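Here the structure is laid out as structure tokens; the discussion comes afterwards.
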Amino acid sequence: MLQISTPVKKTLLILVLTIVATFISLPNKIPLNIKLGKINIKKDIVRPNINFKIGKYEIKKNFDLFLGLDLAGGSHLVFEADISNIKPEDVKNALDSLRDVIERRVNLFGVSEPVVQTSSFGGKNRIIVELPGIKDTKEAVNIIGKTAQLVFAEVPQSTESASFKLTNLTGADLSSARVGFDQQKSGKPVIQLQFSKEGGDKFEKITSENIGKPLAIILDSQVVSAPIVQETISGGQAVISGTFTLDEAKELSLQLNAGALPVSINLVEERTVEAVLGTESVNKSIRAGVVGLLMVLIFMILSYGWLGVIADLGLIIFGIMTLALYKLIPVVLTLPGIAGFLLSVGMAVDSNILIFERYKEEKLKRNTTDALEISFGRAWDSIRDANIASLVTAFILANPFEWSFLHTSGPVRGFAITLALGIGISLFTGIYVSRNLLRVFVKEKKND
Amino acid sequence: MIKWMKYRFVYLGISLFFLFAGLFGVLRWGLKLGVDFTGGAVVEYKFKNSISTEDISKKLSEKGFSVNSIQKAGEDNYLFKFPPIEREEKEKVTLALEEMLGSKVEELRFENVGPSIGPELIKKTFIAMLLSTVVILLWVAFQFKSIKFGTSAILAMIHDSLILIGVFSLLGHFFDAEIDFLFVTALLTTLSFSVHDTIVVYDRIREYQKKEGGDLKNLADKAISETMVRSLNNSFTILFMLIALILLGGSTVKWFAAALLIGTVAGTYSSPFVAVSLLVSLDELGSKLKNGKKLFQFLKSRK
Chain A
0 MLQISTPVKK TLLILVLTIV ATFISLPNKI PLNIKLGKIN IKKDIVRPNI
50 NFKIGKYEIK KNFDLFLGLD LAGGSHLVFE ADISNIKPED VKNALDSLRD
100 VIERRVNLFG VSEPVVQTSS FGGKNRIIVE LPGIKDTKEA VNIIGKTAQL
150 VFAEVPQSTE SASFKLTNLT GADLSSARVG FDQQKSGKPV IQLQFSKEGG
200 DKFEKITSEN IGKPLAIILD SQVVSAPIVQ ETISGGQAVI SGTFTLDEAK
250 ELSLQLNAGA LPVSINLVEE RTVEAVLGTE SVNKSIRAGV VGLLMVLIFM
300 ILSYGWLGVI ADLGLIIFGI MTLALYKLIP VVLTLPGIAG FLLSVGMAVD
350 SNILIFERYK EEKLKRNTTD ALEISFGRAW DSIRDANIAS LVTAFILANP
400 FEWSFLHTSG PVRGFAITLA LGIGISLFTG IYVSRNLLRV FVKEKKND
Chain B
0 MIKWMKYRFV YLGISLFFLF AGLFGVLRWG LKLGVDFTGG AVVEYKFKNS
50 ISTEDISKKL SEKGFSVNSI QKAGEDNYLF KFPPIEREEK EKVTLALEEM
100 LGSKVEELRF ENVGPSIGPE LIKKTFIAML LSTVVILLWV AFQFKSIKFG
150 TSAILAMIHD SLILIGVFSL LGHFFDAEID FLFVTALLTT LSFSVHDTIV
200 VYDRIREYQK KEGGDLKNLA DKAISETMVR SLNNSFTILF MLIALILLGG
250 STVKWFAAAL LIGTVAGTYS SPFVAVSLLV SLDELGSKLK NGKKLFQFLK
300 SRK
């Protein structure tokens, strides 16, 4: 009976893992264009996505690489909240609801996969908003930034000066707002309000008490309009007509739908990248990566001969597996993230170099197989101790627990995550993979 | 075997030279801080240019825009730097540019950082560095059961970061390299790389201490001889990747890769030549003190 030794089994396992990883890391579509004499193949190879059902569970995975704002294009906005009018114990609540309102606004604005998070440090309270693939940042900033505090106010007739008496009917009583057009007169854009049940009752009461008098509609401390109440209005509907342009009316209805901001905010930081620049960066990075990788591969073979070939094989498996993991986790890839990945490619062969240098010494004392085993064993201590220090730094940079006293910046986090993953995977490929490949290789060599 | 440690004062001298060069740069020219720290705006435009950047800058100033600098960043790409500006202001600049050049101007990137961001960044960077340093010190001290090992590893690490900062002050003065958020990241990575390399040498010393024992200086010589090739080769592979990134990668990561490169070179140098040199010196100092004490007690008992 054929006895399959464990290194062979493990090598098969590595092979299977590599094939799976290759499948995942391949781009979705590979254009193929081969010309061989008369044969002319022009075709796109499309990688099938996983999409099936097991019982109740639907498994769907499309293995796309997630690109960050600097690569895919988009806006990174940081707002500072003005909490000077808020009691200290209410700040946290105010910020949470601020975040929720902004999130609603951004979602209504139609941005896919936005990120909205709060960040407080040193008495400053910030809201970070990331909008991938957005073109018109100006509009986005307007929509997010306006407080949109709506309130209805009575206008006492007795005094000449416009002192308002605020009612308890506010934007919070709305169930929805939408853009309409003034049917009777101008045809101008108006905002149609639908109050909640409770809001409708309030509105009915207010209008019944103010027949013949104006009722001011105040938005962010400015009177938008003050129509004269003709009759009691029940049913909870109202119309704000002003001098809106269509865009303004749309923005306003969106803000009203999402709710008013509990505190006012202003923009303190903005970073917008056009998708064109992102694509350029990706292409440049890929070119740099390929050139760098080739140099490393050649260097390893020149320095270590056939051992170098094995290390190169391990390095290629490293690259494929890392890419596959980026897609599986998924890791949002940024430009510094790519730099982190490339750096980890350079560092990935470190464990191999350590082992091979050790092997050179041990070979003088023992036969090849024993020398290899001992080198792997002895080098492991150094590799482990050394990499823990790197992981500590990567951990602090990545700040996975969102500690407010550390950075929470996307690009830096991207770098730290790819670096940490790179270190982790390189331990696997540099030791497990190349060790087993070597065991198989060395055995066959002995059999010859 | 090469007696590496015999020349340890030479290595420390070389280090001191670079440290002072850096210190000179920092004192003389300071650090060129980017918008991440100072606040301000950066706009990357793409246009076919027929006028020199100096002229553009002059003409924009005449129109009442304050421009800090204009740099070429790639073929038709230009980086414009302003004090913090509003969006509307930037759009006016774009219009003025189009008028000046008589052609369409593409806006590829806009960054505007308020003045309140910088101080926070500095504080957080400081905390991050402190935290990394302390954790790594504890880890090394725990691993090698010795404060001597820990202290000299940390000193070597500080040496590397100071060199990186110093070199960047020179690069900032001569080549407009800026200290930005990515530089901070490179600085922290340098910390970890430095210790990574140091631990590999220390590990070898520890192995010999257990197996053979004896004079630390001899053990250090042996350990350095045996790890030298590994250390160099490992740095080469990292340098290959970084050089490719500096030459071929985009303008955004160029200086980041350069900072990592300087950190790598410093880290490779400092592990055998600074960390181990300091370790041996500390060890000798320790035994001298001990001998001194013994001598003192001996003299005392004679009285």
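Note that the protein sequences, when read in sequence, are chains A and B. In terms of numbering that gives the first Met the number 0, the first sequence opens at residue 0 and continues consecutively. In terms of numbering that gives the first Met the number 0, the second sequence opens at residue 0 and continues consecutively. Every residue, glycine too, gets a C-beta built ideally from N, C-alpha and C. The structure displayed is predicted, hence computed values, not measured ones.
- The DSSP-derived three-state label of L363(A) is coil.
- Shortest Cα-Cα distance from S234(B) to any of Y268(B), K216(B), I135(B), R205(B) involves Y268(B).
- Listed along chain A, the residues sitting closer than 9 Å to W138(B) by beta-carbon distance are D384, I387, A388, V391.
- Residue pairing by DSSP puts G179(A) in a beta bridge opposite V189(A).
- In this structure, the beta-carbon distance from I424(A) to F317(A) falls below 8 Å.
- Against L420(A), chain B offers no close residue; the least beta-carbon distance is about 15 Å (beta-carbon pairs closer than 8 Å).
- If you compare the alpha carbons of Q221(A), I216(A), S220(A), I382(A) with that of A237(A), the shortest gap goes to I216(A).
- The beta carbon of N76(B) sits closer than 8 Å to the beta carbons of E43, Y44, K45, L107, S250 from its chain, once the five residues preceding and following it are set aside; these are given in chain order.
- Per DSSP, Y431(A) lies in no alpha helix (DSSP H) and is assigned neither H nor E.
- Rounded to whole angstroms, the gap between the alpha carbons of L218(A) and A225(A) is 12 Å.
- Distances from the CA of S252(A) to each of E268(A), Q193(A), N39(A) were compared; the closest alpha carbon is that of Q193(A).
- Under the 10 Å beta carbon count, R412(A) is surrounded by 16 or more other beta carbons and is classified as buried.
- Residue-level contact by beta carbon fails for F202(A) and chain B, as no gap is shorter than 8 Å.
- When secondary structure is reduced to three states using DSSP, I82(A) falls in the coil class, being assigned neither helix nor strand.
- The beta carbon of F143(B) sits closer than 8 Å to those of G149, Y201, R205, all from its chain and outside the five residues before and after it, given in chain order.
- Look at D246(A): its C-beta is not under 8 Å from any C-beta on chain B.
- With fewer than 16 other CB atoms across the displayed protein chains lying within 10 angstroms of its CB, N282(A) is exposed.
- Membership of Q254(A) in the alpha helix (DSSP H) is indicated by the continuous run 245–257.
- Each residue's CA atom was taken as its position, placing K187(A) and T242(A) some 8 Å apart.
- At a cut-off of 8 Å, the C-beta of P335(A) has a neighbouring C-beta in chain B.
- Non-local C-beta neighbours of V264(B) in its own chain, meaning closer than 8 Å and more than five positions away in sequence, comprise S234, L238, ordered along the chain.
- Straight-line measurement puts the Cα of V330(A) at about 32 Å from the Cα of I157(B).
- By the 16-neighbour rule on beta-carbons within 10 angstroms, S191(B) is buried.
- By the Cβ rule, the segment 272–286 of chain A does not count as touching the segment 165–176 of chain A, because fewer than three pairs are nearer than 8 Å.
- Close to chain B, meaning a Cβ-Cβ distance shorter than 7 Å, are the following residues of the segment 100–123 of chain A: F120, G121, K123.
- Assigned with DSSP and collapsed to three states, S68(B) falls in strand.
- Proximity of the segment 123–136 of chain A to the segment 265–279 of chain A meets the contact definition, three or more beta-carbon pairs being nearer than 8 Å.
- Not a single CB atom of chain B sits nearer than 8 Å to the CB of I316(A).
- Going by DSSP, G21(B) is part of no beta strand (DSSP E) but of the alpha helix (DSSP H) stretching over 7–28.
- Between the segment 15–23 of chain A and the segment 309–328 of chain A, the count of C-beta pairs closer than 8 Å reaches three or more; the two stretches touch.
- Neighbourhood of I13(A) in chain B, by CB distance below 9 Å: empty, with the nearest CB roughly 22 Å away.
- Here P87(A) carries a helix assignment [DSSP, helix/strand/coil].
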